[in-house]
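Protein chains in written order, with our numbering: chain A, 538 to 896; chain B, 12 to 146; chain C, 52 to 437. Heads up: the structure comes next, in structure tokens.
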Amino acid sequence: MTQTLPENLLLKPNRPVGIIGYGAYVPRYRLPAIEVARVWHGGARGGLPIKEKAVAGLDEDVITMSIEAARNALARAGIHAHALRAVWVGSESHPYAVKPSGTLVAEAIGAGPDIQAGDWEFACKAGTEALVAAMGLVGSGMGRYALAIGMDTAQGRPGDALEYTAASGGAAYILGPAEEGLAQIEFSYSYVSDTPDFWRRAHARYPEHGQRFTGEPAYFKHITEAGSRLMRAAGTTAADYAYAVFHQPNTKFPQRAALLLGFSEEQIAPGLLSPVIGNTYAGAAMIGLSATLDVAKPGDRILVVSFGSGAGSDAFQILVGEAIEERRNKAMRTQDYIARRTEIDYATYARLRGKITLK
Amino acid sequence: MEVPRHWRLKQQRYALVGEVCPHCEGKIFPPRDVCPHCGGEAKTPYTFSGKGTVYSYTIMHDAPAGYDENVPYTVALVKLEEGPMVTAQLTDLDEQGVQIGMPVEMVTRRIRQDGDERGLLVYGYKFRPMIAGAR
Amino acid sequence: MRDVFITGIGQVPVGEHWEVSLRSLAARAMLAALHQAEGLRPQALFVGNLLAPVLSHQANLAALLIDNAGLDGIEGHLVEAGEASGAAALHSAFLAIASGWVESALVVGVEKVTDYIGSGVELALAETEDADYETAQGLTLSGLAGLVMQRYLHEYGVERQALGVFPTLMHANAVHNPNAMFRKAIRREAYAKAEMISDPVNLFDMAPYADGAAAVLLSSRAAIPAGFAQPLVRISGSALVTDRLALHDRADPLAFDAARLSVERACRMAGILPGEVNLFELSDTFSIYAALSLEAAGFAPTGRAAQLAEQGEFALNGRMPINTLGGMKARGNPIGAAGVYQVLEAVLQLRGQAGANQIAHAQRALVQMLAGPASTAVTHVLERVS
């Protein structure tokens with residue numbers, strides 16, 4: 538497993554692709570994990586997976602949150618929404634089973650009709666899957682700008698381990714020609730296999746998961762394969778990156794993934810948001826990256842590796858450019874949203890997330 | 012089901028698209044067939060910034076059918092920075108509540124569903140307190 | 052224009068008439084008014100109603116009510132102007148007589164609220180707002196009043212509790228009205244503790260919606276037989292004015308321009324100044340609207356109506372008595388019928404038939420009904436004919 542992998546393993550666009558603009562969104566409500574433990578176990582039974590998670594309000598869903606993140610991305614990009622050729626929303630909680638989220642988001646942000654607007658689904662990597670597709674669209678020269686969003690109002694069955702972490706939030710990215718970018722996505726690499734660690738059947742409200750099976754054969758296997766193969770193909774090591782972002786279903790998994798791939802705690806610190814916002818599913822890696830871009834310097838390289846159950850990982854190597862300094866101030870930063878915080882109790886959470894049956 | 016009506020109003024509702032009068036340049040929201048400032052015909056779309064201040068507000072405890080699940084909610088008259096006033100719900104309110112004169116900004120949110128849980132989701136403008144942060 | 056006289060009045064008590072249908076409510080009031088009018092027969096019916104198509108699934112109301120009351124074949128019109136429907140129907144009937152089109156016209160305001168249970172009633176009422184831009188935001192009529200009241204308190208530095216003077220006055224006035232819904236005085240402490248409906252509007256700030264029907268017969272001078280037994284009351288002024296429907300479209304949401312203009316026009320038509328009337332039946336669907344009506348009519352400086360009310364200016368023995376039989380708040384608010392009840396109550400005063408609440412020597416009355424925050428305002432001046 539130490540041989541150098543061929544460089545053509547990497548997905549590298551014909552024309553260099555950049556991040557022109559990015560934007561995050563985190564709703565204002567926070568449910569402390571101890572509150573879940575209180576209701577289901579009479580208090581903490583040991584360590585809690587995170588400190589607290591972000592919860593969407595009564596009037597929020599993937600569409601509304603995507604709209605706000607996309608508006609932030611447009612503000613940073615400085616382009617008119619009419620210039621977009623794709624509006625892609627990756628999520629596992631699209632408000633409709635059938636009816637695209639993308640068309641509504643596109644209309645709300647002022648995009649024209651000349652776009653691709655299908656929704657993406659690949660559990661927690663639906664957002665980065667959209668990002669790879671956007672790289673393809675822009676990198677091939679088919680379209681100049683594409684918007685890719687990862688956003689979720691994640692589901693977790695009441696009382697289940699997932700309920701501690703399943704959270705709401707995500708981020709949006711506008712890709713375009715690298716010369717206009719605040720960062721360049723140098724290449725990506727994806728690693729997938731049929732690994733049923735977590736799923737939700739059609740019409741089911743809450744997902745099922747394989748408990749400890751979600752760890753080694755699923756999360757760690759795919760994250761480390763995607764990350765290590767990208768680095769070997771690129772001829773890089775962890776030391777070549779200023780920062781890394783890994784999918785973050787809790788606090789420990791991304792910390793361990795970092796360790797396995799040779800990254801330090803400092804390298805993942807800016808993008809490790811799960812302790813304070815929870816697992817935003819398709820939004821998790823995407824918003825980890827937006828928080829990292831908020832602090833990165835020109836010349837920094839960032840490794841991003843998402844993970845989606847079922848299972849697969851998308852890895853990206855990103856080179857931060859000069860324009861970051863000026864553009865990150867043009868919209869709300871990820872930490873601005875995290876700082877906006879209203880703590881709620883379990884009863885309020887149950888109401889906000891539709892867990893109280895009214896009819 | 013009132014699908015055509017919701018569809019027809021999407022621009023106004025999602026993005027606060029009103030009009031600018033080609034005759035007197037007055038900004039108009041909601042859109043009208045006749046300019047309220049000069050009486051000319053008004054048809055040129057204009058997207059409002061979404062920034063404004065609270066002119067008045069009320070906290071609704073008794074909701075009409077279709078809005079019951081959201082009580083209590085706050086409805087305000089918001090004075091847009093371009094001039095017009097708009098009636099809209101306030102959202103994401105914190106312990107500080109609402110004060111007349113408070114700066115607010117437009118967000119697009121879920122307003123209600125058309126009929127039962129099988130019906131269309133209706134999205135539209137609401138306003139929230141301006142968030143502190145980079146802009 | 053010909054003179055127009057009120058030759059008959061009839062009403063049913065305002066309340067929850069579970070056992071009486073929409074058509075029967077109307078018929079009781081219509082027949083009572085005709086019974087008073089000594090054989091005068093109308094050639095036209097003008098119906099004031101708002102909610103029948105939504106709550107009772109009944110449109111084409113004029114034909115139904117004519118049919119049911121045995122007035123077969125006469126002309127019939129439905130007039131809808133939100134809560135001012137009844138008053139607007141009266142205005143239309145007035146025009147029909149004044150113009151010479153008919154000699155007698157019957158006006159009936161009728162509302163059947165209790166056929167429908169649930170928040171659909173609030174929604175139906177909210178449809179009198181701008182449906183696309185107000186109702187769509189989840190705003191009810193009480194919500195509109197809340198917006199107006201909050202701004203009023205802010206702009207004029209009025210204490211929230213100050214407006215409690217109006218419901219207190221209405222309840223006191225209704226004690227002796229056998230047709231009132233609430234014949235019990237309330238204390239200010241109860242007002243202070245009342246639950247919020249559309250904060251700052253509380254339960255006592257809001258007139259209760261209820262069933263009701265009231266009718267008045269209008270006739271030309273020529274139609275009235277010699278020796279007519281009832282004291283005659285003339286409609287000497289009648290004005291209907293509209294404002295921008297949505298509150299947000301008005302330059303000053305506290306101005307109530309339509310209320311002011313309709314008072315000016317009705318009084319000009321009657322050849323009087325507003326101060327020359329002996330009582331004012333106003334639209335207290337919400338406490339704040341009572342205050343703004345008084346200010347728009349010029350009976351109180353802006354922002355000071357509650358203060359003057361506190362000093363007793365609008366009580367039965369005050370400078371300008373208002374809502375002498377309890378108004379919407381205590382008599383009850385039968386919505387599309389409310390404007391007819393007001394006129395009927397003013398007629399009782401001018402005829403000297405108001406019982407314990409009789410205003411001595413009542414010669415003229417000003418009567419005004421508003422739809423919502425005065426999007427439509429209908430004002431009449433009534434005069435006793437001596």
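Beta carbons are placed, not taken as given, at the ideal position from N, Cα and C, and that holds for glycine.
For residue i, count neighbouring Cβ atoms within 10 angstroms of its own Cβ and tell me buried if that reaches 16, exposed if not.
i, result
"C:W152", "exposed"
"B:S60", "exposed"
"C:A422", "buried"
"C:L324", "exposed"
"A:M538", "At A:M538 the pLDDT is 48, less than 50, meaning the model places this residue with poor confidence; the figure from the coordinates comes in the next sentence. Exposed: under 16 other Cβ atoms inside 10 Å."
"A:S730", "exposed"
"B:D105", "exposed"
"A:Q748", "exposed"
"B:V86", "buried"
"A:L905", "Outside the modelled stretch of chain A, which goes from 538 to 896, sits residue 905 of chain A, for which no answer is possible."
"C:L195", "buried"
"C:N374", "buried"
"B:K54", "exposed"
"A:I893", "exposed"
"B:V82", "exposed"
"C:N368", "exposed"
Could you give the DSSP three-state label for residue i: helix, strand or coil?
i, result
"A:M869", "coil"
"A:G546", "First, the amino acid is wrong: residue 546 of chain A is Leu here, not Gly. DSSP places A:L546 in helix when its eight states are reduced to three."
"C:D118", "helix"
"C:L76", "helix"
"A:L502", "Because residue 502 of chain A is not part of the residues shown, which for chain A are 538 to 896, the question remains open."
"C:G99", "strand"
"C:N224", "helix"
"C:V172", "helix"
"B:V14", "helix"
"C:N408", "helix"
"C:R211", "helix"
"A:F790", "helix"
"A:F844", "coil"
"A:P835", "coil"
"B:V45", "strand"
"B:E52", "strand"
"B:C35", "coil"
"C:P218", "helix"
"C:L82", "helix"
"C:Q62", "strand"
"C:A261", "coil"
What is the C-beta distance between residue i and residue j, in whole angstroms, given that I count them as a contact (C-beta under 8 Å)?
i, j, result
"C:L112", "C:V98", "5 Å"
"A:I814", "A:G706", "6 Å"
"C:F365", "C:L214", "Contact doesn't hold; Cβ gap of about 13 Å is too wide."
"A:I824", "A:L712", "Going by Cβ atoms, the distance from A:I824 to A:L712 rounds to 17 Å, so no, they are not a contact pair."
"A:A833", "A:I805", "The Cβ separation is near 13 Å, so there is no contact."
"A:L668", "A:A654", "Not quite, the Cβ-Cβ distance comes to about 16 Å (not below 8 Å), so this is no contact."
"C:T191", "C:L176", "7 Å"
With a threshold of 6 Å (Cβ to nearest heavy atom), would residue i be considered close to the ligand SAH?
i, result
"A:K636", "Within the structure as shown, the ligand SAH is missing, as the structure has no ligands at all."
Compare the C-beta of residue i against all C-beta atoms of chain F and say whether one is closer than 7 Å.
i, result
"A:E589", "Considering every chain present, this structure includes no chain F. Its protein chains are A, B and C."
Can you confirm whether the stretch 550-564 of chain A touches the stretch 602-615 of chain A when touching is taken to mean that 3 or more C-beta pairs between the two stretches lie within less than 8 Å?
yes
Please determine if the stretch 328-344 of chain C and the stretch 253-264 of chain C are in contact, where contact requires at least 3 C-beta pairs separated by less than 8 Å.
yes
Flag this pair as touching only if the stretch 168-179 of chain C and the stretch 76-90 of chain B have three or more C-beta atom pairs under 8 Å; answer yes or no.
yes
Does the structure place the stretch 274-285 of chain C close enough to the stretch 245-254 of chain C that three or more beta carbon pairs sit under 8 Å?
no
Counting pairs of beta carbons, one from the stretch 586-593 of chain A and one from the stretch 634-645 of chain A, are three or more of them closer than 8 Å?
no
Assess contact between the stretch 352-359 of chain C and the stretch 91-109 of chain C, defined as three or more Cβ pairs (one per stretch) separated by less than 8 Å. Is contact present?
no
Counting beta carbon pairs with one atom in the stretch 80-92 of chain C and one in the stretch 137-157 of chain C, are three or more of them shorter than 8 Å?
yes
Could I get the ranges of all uninterrupted alpha helix (DSSP H) runs contained in the stretch 741-809 of chain A, with 4 residues as the minimum, in chain order?
758-771, 789-798, 802-805
Count the CB pairs spanning the stretch 223-236 of chain C and the stretch 126-135 of chain B that are closer than 8 Å, and state whether there are at least three.
no
Using 8 Å as the threshold, is the stretch 54-68 of chain C in touch with the stretch 228-242 of chain C, meaning 3 or more CB pairs across them?
yes
Using 8 Å as the cut-off, can you tell me whether the stretch 292-301 of chain C makes contact with the stretch 423-435 of chain C, which would need three or more C-beta pairs spanning the two stretches below that distance?
yes
May I ask you to verify whether the stretch 878-888 of chain A touches the stretch 757-773 of chain A, counting CB pairs closer than 8 Å and requiring at least 3?
no
Under 8 Å, with one C-beta from each stretch per pair, do the stretch 667-677 of chain A and the stretch 541-556 of chain A reach the 3-pair mark?
yes
Is the number of C-beta pairs between the stretch 722-738 of chain A and the stretch 576-587 of chain A that are closer than 8 Å three or more?
no
Within the stretch 595-667 of chain A, ranges of the beta strand (DSSP E) (whole runs, at least 3 residues)
621-627
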